[in-house]
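Protein chains in written order, with this note's numbering: chain A, 603 to 828; chain B, 603 to 828.
2 protein chains.
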Amino acid sequence: MEGWPKQQSGRMRGRRVSAAKRLAMLEAARREFSVSGYLNANMDAVAASASVSKRTLYNHFPSKEVLFRAIIVRVAEEISRVATLRYRNDAPLREQLEQYAIQSIRLMRDARYLQLFRTVLAEHVRNPALVEPALATYWKAEYGFADWVRAAVADRRLFVRDAVRAGHIFGSLMRGAIIWPSILGRSSFKSDRLNAPINEAIDMFLAYYSVPERAKPQRNRARPAS
Amino acid sequence: MEGWPKQQSGRMRGRRVSAAKRLAMLEAARREFSVSGYLNANMDAVAASASVSKRTLYNHFPSKEVLFRAIIVRVAEEISRVATLRYRNDAPLREQLEQYAIQSIRLMRDARYLQLFRTVLAEHVRNPALVEPALATYWKAEYGFADWVRAAVADRRLFVRDAVRAGHIFGSLMRGAIIWPSILGRSSFKSDRLNAPINEAIDMFLAYYSVPERAKPQRNRARPAS
DNA sequence: TAATTATTGCACTTTCGAGTGCAGTTTCAG
DNA sequence: CTGAAACTGCACTCGAAAGTGCAATAATTA
Numbered sequence: 603m604e605g606w607p608k609q610q611s612g613r614m615r616g617r618r619v620s621a622a623k624r625l626a627m628l629e630a631a632r633r634e635f636s637v638s639g640y641l642n643a644n645m646d647a648v649a650a651s652a653s654v655s656k657r658t659l660y661n662h663f664p665s666k667e668v669l670f671r672a673i674i675v676r677v678a679e680e681i682s683r684v685a686t687l688r689y690r691n692d693a694p695l696r697e698q699l700e701q702y703a704i705q706s707i708r709l710m711r712d713a714r715y716l717q718l719f720r721t722v723l724a725e726h727v728r729n730p731a732l733v734e735p736a737l738a739t740y741w742k743a744e745y746g747f748a749d750w751v752r753a754a755v756a757d758r759r760l761f762v763r764d765a766v767r768a769g770h771i772f773g774s775l776m777r778g779a780i781i782w783p784s785i786l787g788r789s790s791f792k793s794d795r796l797n798a799p800i801n802e803a804i805d806m807f808l809a810y811y812s813v814p815e816r817a818k819p820q821r822n823r824a825r826p827a828s
Numbered sequence: 603m604e605g606w607p608k609q610q611s612g613r614m615r616g617r618r619v620s621a622a623k624r625l626a627m628l629e630a631a632r633r634e635f636s637v638s639g640y641l642n643a644n645m646d647a648v649a650a651s652a653s654v655s656k657r658t659l660y661n662h663f664p665s666k667e668v669l670f671r672a673i674i675v676r677v678a679e680e681i682s683r684v685a686t687l688r689y690r691n692d693a694p695l696r697e698q699l700e701q702y703a704i705q706s707i708r709l710m711r712d713a714r715y716l717q718l719f720r721t722v723l724a725e726h727v728r729n730p731a732l733v734e735p736a737l738a739t740y741w742k743a744e745y746g747f748a749d750w751v752r753a754a755v756a757d758r759r760l761f762v763r764d765a766v767r768a769g770h771i772f773g774s775l776m777r778g779a780i781i782w783p784s785i786l787g788r789s790s791f792k793s794d795r796l797n798a799p800i801n802e803a804i805d806m807f808l809a810y811y812s813v814p815e816r817a818k819p820q821r822n823r824a825r826p827a828s
């Protein structure tokens, strides 16, 4: 609850305007952070873009840091609502993974998010503490993959030793094919549809884990018998 | 050749000192950029740390940008010398991939590099133009994977439709298991040895591509017959 | 209407760091 | 030894942006 005016306590009066302006400020900040990054974002510009005095901005958010964190939390929530992998026993596994990939692509095609991701990533690398909350959500998604795998294993549709590990691998494949290329600007998706590289990654993943352990063609296994 | 003193032309005199100091400045800048990131790096600090006057620093490198680029180029060269995947027909494929993974891990365990990677990544996201040269090398490595795959295919040890695509997938797996976790600070390697997740990723990769196309267990193939 | 709280405008302080100008000193090749 | 080129020290300019103080004003609700 940081970043709320101190006057909040006691009877609340004159709060209608406040709520609307607060939203405007959050939206404006989001735009500003998106296009400028964290360090170059300008608090005067945020205030102006929200049609609010700078002083008001500082009444709501005591510092740039607090404002940034507020943005991050909001966006992280939005995303986790959209891009999740949920297990369904009534649909082909491939379809479920494809669905997830499509959702991710859609997210990356939305400049509104993409730019903000870049900002957050840059800041996370520069100053991890600043960005904690966003990343918490992010890693949760990773363990969402593990849950999905576990469910599929329980259904005897996959054969996996370590669900978390398999989840990481799926995550690597999706990030490598969708997220990083978008963020690092190597490629942009023309549509929401899957392309051949992504299909191939999903193929590989399913092929490997659709086969019982001892049938997998591996050499040189050096791992605890777990 | 940017960032060299203008006085260079004509007969060269008094250059012995110059070369040594130049090196000292590069080393100092590297340290400074590593620990502080690009924006927070302080040119006064660089000069001090190189035991050189600020004016001399600016005589060699007309701006912070130029200095940063110079560092990037040097480091990119060092890295591409160390972490490459070279095809050998006299060794198991698995061993070759493992070698590469081990080299990558070694790189990530070297704080000297790791910190600089973080800085470069942050800047690339913030300001891609600044970092071009480093990334050029980076993507070259990616196509190095494709070359390796092609060679293995020519040797009939792998069965791959599109070598570049397979190379990307291998890259995704390695980055997902080694590079990103290190850079984003989720895990650090205790030793240079491979761990189970990396082994499993390599297993998966080899398993999938060791089998002729039509034998692969895939559903729902939707791709050009290429 | 009266009391309360939010909002505004604007000038102000502070901090910080990149890059410059210049006069004097050092170094080294020839 | 000599003179060109490289180096030094230091004060300086310039700009930018975060955050503050305050007195005046507007909006809200009882």
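Heads up, the beta-carbon is just placed ideally off N, CA and C, and yes, glycines get one too.
- At a cut-off of 8 Å between beta-carbon atoms, residue 814 of chain B makes no contact with chain A.
- Here the alpha carbon of residue 679 of chain B sits roughly 14 Å from the alpha carbon of residue 734 of chain B.
- It is roughly 19 Å from the alpha-carbon of residue 744 of chain A to the alpha-carbon of residue 715 of chain A.
- DSSP places residue 818 of chain A in no alpha helix (DSSP H); its state is neither H nor E.
- Here residue 791 of chain A carries a coil assignment [DSSP, helix/strand/coil].
- Segment contact: the segment 746-757 of chain B against the segment 666-674 of chain B, fewer than three CB-CB distances shorter than 8 Å; contact not assigned.
- Along the segment 788-802 of chain A, the positions whose C-beta sits under 9 Å from a C-beta of chain B are 788, 796, 797, 798, 799, 801 and 802, read in chain order.
- The Cβ of residue 724 of chain A sits closer than 8 Å to at least one Cβ of chain B.
- Looking at the backbone, the Cα of residue 806 of chain B and that of residue 638 of chain A are separated by about 41 Å.
- Around the beta carbon of residue 684 of chain A, fewer than 16 other beta carbons sit within 10 angstroms, so the residue counts as exposed.
- Per the Cβ contact rule, the segment 701-720 of chain A is in contact with the segment 791-804 of chain A (3 or more Cβ pairs under 8 Å).
- When CB distances to chain B are screened at a threshold of 7 Å, the residues of the segment 741-775 of chain A falling below it are 767, 770, 771, 773, 774 and 775, in chain order.
- Taking the Cα of residue 730 of chain A as reference, the smallest distance to any Cα among B:786, B:666, B:626 and B:803 is reached at B:786.
- Judged by DSSP in its simplified three-state form, residue 660 of chain A adopts helix.
- Excluding residues up to 5 positions away in sequence, 636 and 637 lie with their Cβ nearer than 8 Å to the Cβ of residue 717 of chain B in the same chain.
- The alpha carbon of residue 765 of chain B has as its nearest neighbour, out of B:627, B:660, B:631 and B:746, the alpha carbon of B:746.
- Assigned with DSSP and collapsed to three states, residue 685 of chain B falls in coil, not helix or strand.
- The segment 719-728 of chain A makes no contact with the segment 767-783 of chain B: fewer than 3 CB pairs, one atom from each, lie closer than 8 Å.
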